[in-house]
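Protein chains in written order, with our numbering: chain A, 1244 to 1357; chain B, 927 to 1038.
In structure tokens, the structure reads:
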């Protein structure tokens, strides 16, 4: 079945720095890739997504790049703030007639200090 | 606006005891519903999904079962808990195929 690998497992940066989180998947049938953020004590929150017919998507300080050939995604966060501290998860979604399977990466713990 | 609730907030249960966790969606008809499990410090693993009442698909086998008795309700249960069932259980719904999932607040389960 689909496997999603996410690196690095953790990042510690100073406020204002940019960070890059990489994600790779194995199943070429995956067509949709949402990313989520999990802050301590808060609900898992959607942050950005991309479909397999796109190469790039940007929203505010987030840029998501997708390479279908290499089955690789990368999330770039610019001008980080302490409020960005959270666990970030990439995921890959495979559609089935009876629903949709979503496989998550292991998560990247981001800590932004002042 | 749609809201998603989970109950209980937390449970401490003994190995071998039964379990029932609930999830309710309000403000959305016929949602696609999902159960996830997250081990402490671990990734999320999809357990079940359901696109309609009475229909549930299993994704992984963890000695758990799920049911959808009503359009807005999703239940996760087992008759006999294992230590390995400890973790965080999340319910989610999504409005469409290429749409984000909205997650509930989760239930923290500790099995002793």
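Glycine included, C-beta positions come from ideal geometry on N, C-alpha and C.
Nearest-angstrom beta carbon gap, residue j and residue i [assumed within contact, 8 Å]
i	j	result
residue 1001 of chain B	residue 993 of chain B	5 Å
residue 1323 of chain A	residue 1355 of chain A	5 Å
Bridge partner(s) assigned by DSSP for residue i
i	result
residue 1354 of chain A	A:1255
residue 1044 of chain B	Outside the displayed span of chain B (927 to 1038) sits residue 1044 of chain B, for which this structure offers no information.
residue 1247 of chain A	A:1268
residue 951 of chain B	B:930
residue 959 of chain B	B:976, B:1019
residue 1279 of chain A	A:1289, A:1332
Candidates the options, of which the one nearest residue i by Cα
i	options	result
residue 1307 of chain A	A:1248, A:1273, A:1265	A:1265
residue 996 of chain B	B:1010, B:955, B:1018	B:955
residue 1349 of chain A	A:1335, A:1271, A:1257	A:1335
residue 1028 of chain B	A:1288, A:1311, A:1263, A:1282	A:1288
residue 1009 of chain B	B:951, B:944, B:1025, B:971	B:944
residue 1332 of chain A	A:1290, A:1256, A:1245, A:1284	A:1290
residue 1316 of chain A	A:1282, A:1269, A:1259	A:1269
For residue i, the three-state DSSP class (helix, strand or coil)
i	result
residue 1261 of chain A	coil
residue 1334 of chain A	strand
residue 1273 of chain A	coil
residue 1325 of chain A	helix
residue 946 of chain B	strand
residue 1308 of chain A	strand
residue 1002 of chain B	strand
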